[in-house]
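Numbering (the working numbering), first residue to last: 3 to 406. Worksheet: one structure, shown below.
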C-alpha cells in the first residue's frame, strides 16, 4: 500500500510539473515578446538626440515641439504628450476616457471613416483648415489607441510601438496654430480628393459667419469650378444671381446623376434661391421629367413659401402637366385667387378628368372660397358644382377682387 501511495504521489508531482512546463512553453513567447518590445521601444526613444531621460520618461524639444514620452506603473503603455498645438480643435478616439467628461458639439468632417473613429469639436473653420487629407491619414493611425487632443495638447498611448512616435510628431506639426485661415481653406478645397469632404468644407465656409464677404466670395469662385456638381452648386448659391446659370445648367444636365440633380434642388430650396427655382419651373425639360417629380414639388413649395404673391402664375402653368398637377392644385388652394378658380373649374367639371383629380380641384375651389370670405364685390360668385357646391366666375362682374 505504501509503495502504491508513493507511486501515485510521484505521478501527481510529475503531472503538475508537466502542466507548469506546458504553461511556460505557451506563455514564455508572449512574455518574452513583450519584454523585447519594451526594450526595443525604449532603445528607439533613447536614440532621439533631442530627448533626455528625466524622472518617469524622456523629455525634449523636437522640431520646435515640446515632447514628452512618459511611462509609469499606473500606465499600461508609454504615453506621448506634445504641447503648444492649436487650441481651436478637440479630438478623441472611442478608446479615450475623454467622452465621460465632455459634452461637446461635434463637427462632422465628411470623411466617414474619421467621423466614425473620432469625436471632433471646436471652431469649424479652424478644423477644416487643419484637417487636410494628409492630417486625416495621420489621425487614422492612432484610431486604435487611446488618443486625446484638447487645449493645445496631444496625448496618445504608444503601446510600445516605436513607429507611432514619429507619426505623432508629424501629426503635431500639422496641428500647429495657423493665423490665416482663408488661404488654407482655399488650398484644401482645391487639393482635397474626397468630394464629400469638399462639400462639407464648402458648406461650413459659405454658410457660416467666420469669414468676411470677400473671403467667402473667393472660396465660392473656387467651388463653382469644382468637378463635383454639389460643390459647384454650393459655390454658385453663394454667388447669388451671378451663380444662377450654373445652378440651372446642373439641374437640366442629364449627364449629371438623378441623385445629384435632386441634391442640387434641395440646396436651392434650403437657401431659398427663388429666382433660380422659378426659372427651372418654367423650363419644359425640368417639368417634363417624371423622375424629377419630387424635385419639382420641392421647388414649387419653396416658391409658395418664399413669394406667395408671385406663385399663382407659376402654379397655373404646372396644371398643364398631369404628373405634377396634383401638387399645383394643392398649392393653389393655399394661395390661389379668382384667376386660379377660372382654371380649376374646368378640372372640377370635366367628366374626362380622373375622379381623384376632379375631387382635388373641387376641394381647392372650396378652400379658396373659405379663405377669401365675402366676395360679393368681386368677380367670384357661389354656384353649385354637381352636388357638392363650389365657386364660379360671375359673367356680369369684371372688377378685380377686393380682399377685405
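For glycine and all other residues, C-beta sits at the position ideal for the given N, C-alpha and C.
Where residue i sits in the DSSP three-state scheme
| i | result |
| --- | --- |
| residue 123 | strand |
| residue 129 | helix |
| residue 83 | strand |
| residue 407 | Within the shown structure, residues of the chain are numbered from 3 to 406, placing residue 407 beyond reach of any answer. |
| residue 242 | helix |
| residue 160 | coil |
| residue 281 | helix |
| residue 26 | Since pLDDT at residue 26 reaches only 48, below the 50 mark, its modelled position is unreliable, and the value read off the structure follows with that caveat. In the structure shown, residue 26 sits in a helix (DSSP, three-state: H, G or I). |
| residue 387 | Residue confidence is low: residue 387 scores 45 on pLDDT, short of 50, so the model does not pin down where it sits. Its coordinate-derived value is still stated next. In this structure, residue 387 counts as coil in the three-state DSSP scheme. |
| residue 108 | strand |
| residue 273 | coil |
| residue 458 | Here the chain has residues from 3 to 406 only, and residue 458 is not among them. |
| residue 168 | helix |
| residue 147 | coil |
| residue 322 | coil |
| residue 72 | strand |
| residue 116 | helix |
| residue 381 | Because the pLDDT at residue 381 is just 47, under 50, the model does not fix this residue reliably, and the value given afterwards should be weighed accordingly. The answer is coil: DSSP assigns residue 381 none of H, G, I, E or B. |
| residue 298 | helix |
| residue 60 | strand |
| residue 152 | strand |
| residue 67 | strand |
| residue 92 | strand |
| residue 259 | coil |
| residue 50 | coil |
| residue 215 | helix |
| residue 291 | coil |
Residue nearest to residue i in terms of C-alpha spacing, selected from the options
| i | options | result |
| --- | --- | --- |
| residue 81 | 206, 64 and 162 | 162 |
| residue 350 | 329, 340 and 363 | 363 |
| residue 370 | 234, 357, 338 and 285 | 338 |
| residue 133 | 193, 149 and 107 | 193 |
| residue 67 | 297, 53, 85 and 51 | 85 |
| residue 285 | 356, 348, 250 and 305 | 250 |
| residue 273 | 248, 298, 342 and 239 | 239 |
| residue 167 | 225, 44, 205 and 189 | 44 |
| residue 198 | 72, 111 and 325 | 111 |
| residue 341 | 73, 367 and 322 | 367 |
| residue 109 | 60, 207 and 215 | 207 |
| residue 42 | 160, 336, 149 and 87 | 160 |
| residue 243 | 307, 280 and 188 | 280 |
| residue 180 | 172, 309 and 87 | 87 |
| residue 59 | 70, 303 and 50 | 70 |
CB of residue i within 8 Å of CB of residue j, strictly
| i | j | result |
| --- | --- | --- |
| residue 119 | residue 145 | yes |
| residue 221 | residue 191 | yes |
| residue 170 | residue 89 | no |
| residue 294 | residue 317 | no |
| residue 255 | residue 232 | no |
| residue 141 | residue 203 | no |
| residue 373 | residue 328 | no |
| residue 228 | residue 200 | yes |
| residue 2 | residue 156 | Residue 2 cannot be examined here, being either before or after the span of the chain that is shown, 3 to 406. |
| residue 158 | residue 147 | yes |
| residue 269 | residue 236 | yes |
| residue 246 | residue 291 | no |
| residue 56 | residue 64 | no |
| residue 301 | residue 271 | yes |
| residue 126 | residue 225 | no |
| residue 196 | residue 113 | yes |
| residue 323 | residue 347 | no |
| residue 320 | residue 345 | no |
| residue 287 | residue 326 | no |
| residue 234 | residue 248 | yes |
Nearest-angstrom beta carbon gap, residue j and residue i [assumed within contact, 8 Å]
| i | j | result |
| --- | --- | --- |
| residue 177 | residue 91 | 7 Å |
| residue 94 | residue 137 | Between residue 137 and residue 94 the Cβ distance is about 16 Å, and since that is not below 8 Å, they are no contact. |
| residue 283 | residue 252 | Not quite, the Cβ-Cβ distance comes to about 16 Å (not below 8 Å), so this is no contact. |
| residue 128 | residue 107 | At roughly 14 Å, the Cβ-Cβ gap does not stay under 8 Å, so residue 128 and residue 107 are not in contact. |
| residue 267 | residue 313 | Not quite, the Cβ-Cβ distance comes to about 17 Å (not below 8 Å), so this is no contact. |
| residue 83 | residue 96 | So it is not a contact: roughly 20 Å between Cβ atoms. |
Cutoff 8 Å: residue i Cβ touching any chain B Cβ
| i | result |
| --- | --- |
| residue 275 | Structure shown: chain B not included; a single protein chain is present. |
Contained alpha helix (DSSP H) runs [length at least 4] in the segment 329 to 367, N- to C-terminal order: Counting only runs of 4 or more, we get 340 to 351.
What are the start and end residues of each continuous alpha helix (DSSP H) run of 4 or more residues lying completely inside the segment 168 to 200, in chain order? 183 to 193
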